[in-house]
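Protein chains in written order, with this note's numbering: chain V, 1 to 364; chain D, 1 to 364; chain W, 1 to 364; chain E, 1 to 364.
Number of protein chains: 4
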Amino acid sequence: MDTCKAAVFVGANRPLETQEFPVLPMERGGALVRMQMAAICGTDVHAWHLDATPAPMIFGHENVGVLAEVSPEIETDVLGQRLRPGDRVIFRDAPCGRCFRCAVGESCERTRSYGMLRSDEPPHLRGGFGQYIQLSATPWLLRVPDDVSNERALLSVIGNHTLLNGIERIGGVNLADTVIVQGSGPIGMGALNQALLGGAGRVIVAGAPESRLALARSLGASETVDIADYPTPEARVERALELTGGRGADLVIEASGGLTAFQEGLEMTRFGGRYLVIGQWTDYGPLSANPALLTRKVIRVQGVFSAGPRHIIRSLQAMRGLVDRPVENLITHRYALEDVNEGFEAHERLEAMVAVILPNGEPA
Amino acid sequence: MDTCKAAVFVGANRPLETQEFPVLPMERGGALVRMQMAAICGTDVHAWHLDATPAPMIFGHENVGVLAEVSPEIETDVLGQRLRPGDRVIFRDAPCGRCFRCAVGESCERTRSYGMLRSDEPPHLRGGFGQYIQLSATPWLLRVPDDVSNERALLSVIGNHTLLNGIERIGGVNLADTVIVQGSGPIGMGALNQALLGGAGRVIVAGAPESRLALARSLGASETVDIADYPTPEARVERALELTGGRGADLVIEASGGLTAFQEGLEMTRFGGRYLVIGQWTDYGPLSANPALLTRKVIRVQGVFSAGPRHIIRSLQAMRGLVDRPVENLITHRYALEDVNEGFEAHERLEAMVAVILPNGEPA
Amino acid sequence: MDTCKAAVFVGANRPLETQEFPVLPMERGGALVRMQMAAICGTDVHAWHLDATPAPMIFGHENVGVLAEVSPEIETDVLGQRLRPGDRVIFRDAPCGRCFRCAVGESCERTRSYGMLRSDEPPHLRGGFGQYIQLSATPWLLRVPDDVSNERALLSVIGNHTLLNGIERIGGVNLADTVIVQGSGPIGMGALNQALLGGAGRVIVAGAPESRLALARSLGASETVDIADYPTPEARVERALELTGGRGADLVIEASGGLTAFQEGLEMTRFGGRYLVIGQWTDYGPLSANPALLTRKVIRVQGVFSAGPRHIIRSLQAMRGLVDRPVENLITHRYALEDVNEGFEAHERLEAMVAVILPNGEPA
Amino acid sequence: MDTCKAAVFVGANRPLETQEFPVLPMERGGALVRMQMAAICGTDVHAWHLDATPAPMIFGHENVGVLAEVSPEIETDVLGQRLRPGDRVIFRDAPCGRCFRCAVGESCERTRSYGMLRSDEPPHLRGGFGQYIQLSATPWLLRVPDDVSNERALLSVIGNHTLLNGIERIGGVNLADTVIVQGSGPIGMGALNQALLGGAGRVIVAGAPESRLALARSLGASETVDIADYPTPEARVERALELTGGRGADLVIEASGGLTAFQEGLEMTRFGGRYLVIGQWTDYGPLSANPALLTRKVIRVQGVFSAGPRHIIRSLQAMRGLVDRPVENLITHRYALEDVNEGFEAHERLEAMVAVILPNGEPA
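What follows is the structure, given as structure tokens:
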């Protein structure tokens with residue numbers, strides 16, 4: 001029996017440990033994937049600090065890999081493209097099709113999330129921070145086109161798919177819309193990308209530090225607002241109105257998670273405008289917000305997290321539409337499996353836009 | 001020159017005064033309407049208490065009347081129906097068609113609101129609390145079908161049209177939806193009516209007092225939640241979840257204006273559900289709300305006030321669809337023009353669901 | 001081993017034969033349903049005439065039954081309601097969740113349709129025209145509430161679910177819409193039901209014979225147009241315009257399958273209106289249609305067949321909203337399993353609105 | 001009193017005549033525009049051949065000009081931007097706000113179309129093929145930003161605005177959509193532009209001749225299909241399926257006006273796909289179309305012509321989003337007022353993509 005290595009979470013705030021695991025025979029209907037690239041997500045770093053996170057666990061839920069073995073039941077990917085060992089793929093657990101959320105078109109209630117399962121139970125290899133990952137029967141697979149780099153494929157499931165979900169739900173970007181993005185992390189960059197692809201006339205990114213804002217401008221942001229220059233909510237709202245003819249933006253996208261961001265966003269939205277909320281994931285309990293802005297400005301607000309199959313398909317294909325933009329630059333830090341703890345540190349110091357693990361080293 | 005009487009606001013908190021006005025010749029392109037019924041709106045009562053409200057002013061912006069004179073330029077109503085003196089009509093100022101809000105399909109920036117204009121300037125008669133009202137060139141007019149009572153015609157522009165606007169914006173009621181309505185005033189009753197007409201499977205109304213909830217049940221509410229029995233936000237949320245299988249409602253409609261209502265409504269909405277906010281009009285500044293509920297439950301929120309022409313057309317026609325329901329019972333108090341101050345008092349004591357003025361007395 | 005009876009298609013135009021089948025042990029993850037009521041669908045009658053239909057086969061794809069046995073894997077139905085033997089259910093094969101159509105929210109490419117599978121391969125019992133039906137792992141199940149009759153449960157999957165799919169896709173019924181339904185068969189009746197539930201102000205049904213139109217009126221149709229009285233497309237279009245103030249209907253629903261119906265419907269639709277096409281299923285090749293009507297009247301057309309899980313859930317619940325309407329009258333003919341061929345004849349003579357088989361006799 | 005020149009239609013198929021007209025004082029509330037550039041539209045050429053076209057008439061309904069005089073009532077354009085003589089503008093007659101179509105958000109029933117009014121009645125100058133044009137009270141005006149050329153401003157009201165209307169109605173371009181455009185004239189080029197701006201992954205243009213297809217590729221078309229190479233409907237459909245993995249396009253846009261185009265487009269659309277029909281304006285009576293494709297592939301079709309105010313605003317702003325594309329190349333022929341008949345000939349010979357008149361000569 002072959003073995004392989006994986007980085008294992010062994011308890012809150014303890015360094016991840018590199019351990020050896022057996023590569024068990026595939027489950028019937030399953031597949032075995034040799035990992036290429038996995039992102040260190042903010043969620044991983046957050047979980048790493050929590051006592052409640054089950055240990056041991058192999059993190060890594062944003063992944064690109066190569067099919068090593070594949071069950072005969074799996075003939076094609078979701079687009080009907082023939083699949084063979086050696087194909088690069090994006091993958092997830094398939095939706096059950098039988099729960100209430102599946103019925104109403106929401107995310108499945110029963111889907112397992114790779115990167116969030118215990119590693120002390122077979123088949124052990126259930127996260128992207130390992131050389132191999134075992135997929136249960138029968139996985140949802142999407143082949144990565146040859147002209148799409150690992151970096152772009154990975155970015156397609158970092159924020160960009162969620163943005164596509166959110167933009168679809170809120171009714172689309174209207175051509176020539178003025179868009180304000182709150183936040184300049186990976187989700188904010190996804191918001192910038194997708195708003196531009198969707199036809200926005202101008203995208204204004206508010207965030208920090210200046211290095212990230214420079215990256216935003218290189219990706220097509222028309223203007224940036226540095227929160228070092230506009231340190232208060234009032235100053236940011238005033239600046240946003242100034243940049244939008246006093247009217248506010250057609251579409252505001254919250255991608256910051258800031259404690260005052262929601263109320264700021266409502267104030268930045270124009271009469272009849274729309275506000276997409278993605279960053280407000282951490283539950284801080286009730287914050288401040290003025291609901292009279294909703295009625296008086298006839299605002300639509302849409303919350304969103306995660307994404308469905310069609311958003312992933314589009315997200316991957318959309319990466320090609322960004323052909324002339326230096327999207328790969330969003331991946332700022334690369335680590336070998338053994339150096340995963342350095343990656344966590346870079347993430348915590350806000351040095352990295354996106355840090356990735358290369359569980360099998362740099363591709364040849 | 002003829003004269004007529006009108007009830008005039010002469011200063012904050014002072015009794016309205018019945019005054020005599022000349023009925024001036026119609027403006028070219030205008031029309032003269034003999035009033036039948038005008039509602040005392042909460043907005044009127046609110047304005048009556050404000051020092052900032054310009055005086056003198058004839059209130060009354062929810063009106064039904066009869067065309068007394070009509071300019072030759074006005075041949076038809078908005079549906080293309082021939083108009084003649086004697087026709088009952090609903091009316092408003094036409095949108096300008098040239099402002100930004102008109103361009104993007106929102107309410108016109110320039111439209112005058114009858115019932116909110118000074119009476120010391122010609123043509124004086126600009127509100128529904130008078131025997132006549134003067135319409136400027138060229139008004140928006142909708143003929144009231146003969147089989148629709150004054151009461152129903154009036155109710156079509158009390159809340160029901162705004163509900164239709166809101167329901168359209170939030171994506172419609174889905175057939176068999178479970179709907180929770182927060183609030184049991186006139187807007188809450190409009191929410192109940194329109195949700196039922198739109199195909200809701202169940203409508204739960206939360207409000208007070210019991211007399212209003214009984215009226216809600218007579219109009220088709222499946223269940224009611226008396227806030228006397230559930231006096232805290234927590235108790236109301238718990239009850240709402242209990243009534244919806246722990247899942248929350250498909251659609252929640254806020255029609256209460258309560259200080260904690262917005263946060264309660266977010267908690268009452270199911271995963272993937274929708275929340276229409278209408279009652280949060282008074283600007284109390286920032287209140288408490290947890291934006292993490294938006295993302296975690298993928299909620300859509302839509303604020304709304306007022307309505308456009310198509311909503312008024314539909315609202316009037318929808319009144320016929322409520323044929324077997326005792327909608328007229330929503331109008332609980334009727335006053336002669338001279339007794340308008342009694343009506344304001346009944347409104348303030350929350351005795352009246354809807355109180356109306358009959359400026360020319362009860363119709364023959 | 002137990003046995004049971006089923007009516008079997010044994011070849012084109014030959015009488016269905018009642019045969020004996022073993023009731024095999026359930027598939028792991030599957031369920032065994034004791035049939036209560038199955039509809040004879042036009043599709044069955046059509047298939048019965050075709051040489052290409054595989055034989056032997058047990059027809060019956062619109063079914064209501066009682067859970068006889070259920071795998072332990074199946075704890076709940078799609079709404080999360082606990083399932084136990086004895087529960088009445090509506091059922092279908094679950095979507096795979098991994099094909100392109102599943103990904104984009106369309107009907108699954110891989111789903112098996114019960115009532116369209118060969119009976120000479122185990123587990124044999126795969127259609128509703130038998131005393132039992134074997135469901136594969138892991139089925140999509142929806143419990144029928146106790147206050148919904150078998151008749152209503154069955155009707156919820158005869159046309160009504162497809163209508164809900166179509167109405168959702170075309171953007172909903174707008175409150176107070178004037179709707180024209182072309183056709184007075186089961187689909188036309190579903191269109192009438194769902195348009196009324198969705199808030200239509202008037203529904204005009206065009207069809208024949210008068211007995212069906214009388215049934216339509218008893219279900220709430222405002223007017224009917226008998227094609228015996230209006231035998232030509234021109235006459236029907238003229239009548240439709242006459243009934244809609246010369247403007248045409250807000251929404252036209254095609255449920256007739258007629259050769260000239262599509263062009264008629266385009267002419268009956270108002271400027272800016274919508275046209276839902278359901279009946280045009282048989283592929284006659286190119287027919288006559290004037291596409292200039294689409295642009296000149298800015299019409300939206302939506303084709304539809306079948307329905308997704310959420311439409312079935314809503315369709316079943318919507319049956320309760322029709323509480324005061326004599327919906328059960330749509331089921332005009334009832335047959336024992338042995339008399340299935342009589343049912344086919346009644347269908348062919350257009351005598352039956354909906355004819356059903358009671359494979360285990362009338363319920364006690 | 002000043003005079004100016006205009007090209008006048010004096011009867012079917014007769015050369016347009018250059019005539020002298022008085023420049024009358026502006027109507028109260030109106031404006032006087034000095035023309036910069038007017039397009040020769042296919043509609044003009046069509047009208048020129050018709051006996052039914054009223055004469056005399058000054059054609060020209062796609063126009064860019066400079067405000068020469070403006071009534072004091074007109075302070076701002078539709079975006080609220082201050083207007084002054086010397087400003088470049090796009091203009092139209094404002095919607096009335098009181099007709100049924102205005103009420104339901106469709107194009108106004110009463111709006112006059114400049115370029116389609118008699119020139120023998122004051123104020124005579126009512127079309128773009130003259131040095132001046134007189135606008136009635138109170139016009140709809142949109143200022144052209146300084147960084148947008150006359151060519152781009154003009155193109156924003158040639159097809160592009162209609163495309164935006166159509167794309168909005170059909171539910172937007174989905175990111176990464178594969179789009180097929182039928183037709184390579186000005187409307188087809190607008191379809192290409194707007195599909196790309198809206199985020200389409202690939203746009204395939206089918207048309208002729210090769211010079212137009214080369215222009216399409218220079219504007220971003222991924223592939224082109226020359227109808228010289230694929231001369232039959234069957235060949236074009238086969239090619240379209242070949243280019244789309246046998247599945248058909250997510251979105252097909254008809255911009256050809258061809259007699260077989262509608263049926264071809266239905267065949268080119270994927271299951272669950274959408275079909276926007278713009279080119280089918282000429283009423284040839286019933287053509288061939290197979291409505292079974294609508295139901296079997298669950299297709300949505302949307303017809304459209306013209307555009308509303310918000311589409312024009314977006315269309316003008318969208319021209320800036322095409323900054324790196326050689327959009328100006330779509331204007332292939334330029335004529336002085338006196339040479340207008342040469343322009344009509346170039347249009348008829350299909351030599352010109354867009355031919356324009358410069359009524360006051362080339363700008364300095």
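Cβ coordinates follow ideal geometry from the N, Cα and C atoms, glycine included.
It should be emphasised that the depicted structure is a prediction, and the values quoted were computed from it without experimental measurement.
Check                                                                                                                     : Outcome
Residues in the stretch 123-145 of chain E having any Cβ partner in chain D nearer than 7 Å                               : 138, 140
Opening and closing residue of the alpha helix (DSSP H) in which residue 296/E lies                                       : 292-296
Contacting positions in the stretch 316-340 of chain W - beta carbon closer than 7 Å to chain D                           : 317, 318, 320, 321
Interfacial residues, the stretch 285-304 of chain E to chain W, with Cβ spacing under 9 Å                                : 285, 286, 287, 288, 289, 290, 291, 292, 293, 294, 295, 296, 297, 298, 299, 300, 301, 302, 303, 304
DSSP-derived helix/strand/coil call for residue 318/D                                                                     : helix
Close-in-space but distant-in-sequence residues of the same chain around residue 361/W (CB under 7 Å, 5 per side omitted) : 336
Cα-Cα separation, residue 285/E to residue 303/W                                                                          : 22 Å
Nearest-angstrom beta carbon gap, residue 334/D and residue 356/D [assumed within contact, 8 Å]                           : 6 Å
Min CB distance residue 360/D to chain W below 8 Å                                                                        : no
Amino acids of chain A, ordered along the chain, whose beta-carbon sits closer than 9 Å to that of residue 194/W          : Considering every chain present, this structure includes no chain A. Its protein chains are V, D, W and E.
Element boundaries [alpha helix (DSSP H), containing residue 26/E]                                                        : Counting along the chain, residue 26/E falls outside any alpha helix (DSSP H), and DSSP gives it neither H nor E.
Contact list for residue 277/W against chain E, beta-carbon separation under 8 Å                                          : 291, 294, 295
Of the listed residues 351/V, 126/V, 313/V, 211/V, nearest to residue 22/V (C-alpha basis)                                : 126/V
Between the CA atoms of residue 329/D and residue 148/D - distance to the nearest angstrom                                : 15 Å
Straight-line gap, residue 317/W to residue 45/V (C-alpha atoms, nearest Å)                                               : 45 Å
Proximity below 8 Å, CB of residue 274/D to CB of residue 251/D                                                           : yes
Collapsed DSSP secondary structure at residue 193/E in the structure displayed                                            : helix
Check whether residue 221/V and residue 203/V have beta carbons under 8 Å apart                                           : yes
Contacting residues, own chain, Cβ-Cβ under 6 Å from residue 109/V (five flanking each side not counted)                  : 99, 101
At least 3 beta-carbon pairs within less than 8 Å: the stretch 153-160 of chain V vs the stretch 169-183 of chain V       : no
Short CB-CB distance (under 8 Å) between residue 313/D and chain E                                                        : yes
For residue 93/W, the nearest candidate out of 107/W, 84/W, 82/W (CA to CA)                                               : 107/W
Positions along the stretch 77-93 of chain E whose CB lies within less than 8 Å of some CB in chain D                     : 78, 79, 80
Bridge partner(s) assigned by DSSP for residue 223/D                                                                      : 204/D
Euclidean distance between Cα positions of residue 162/V and residue 172/V                                                : 13 Å
Chain D residues whose Cβ lies nearer than 9 Å to that of residue 104/E                                                   : 309, 310, 313
Whether residue 118/W touches residue 57/W by CB criterion (8 Å)                                                          : yes
Residue 7/D versus 42/D, 55/D, 257/D, residue with shortest Cα-Cα distance                                                : 55/D
Interface flag, residue 166/D vs chain W, CB-CB below 8 Å                                                                 : no
Three-way DSSP call (helix, strand, coil) for residue 131/E in this model                                                 : coil
Whole-angstrom distance between residue 276/E and residue 167/E, CA atom to CA atom                                       : 8 Å
Under 8 Å between C-beta atoms of residue 278/W and residue 133/W                                                         : no
Short Cβ contact (8 Å threshold) for residue 34/E with residue 65/E                                                       : yes
Chain W within 8 Å of residue 272/D, Cβ atoms only                                                                        : no
is_contact[residue 21/D, chain E] using C-beta, thresh 8 Å                                                                : no
CB contact below 8 Å: residue 282/V versus chain D                                                                        : yes
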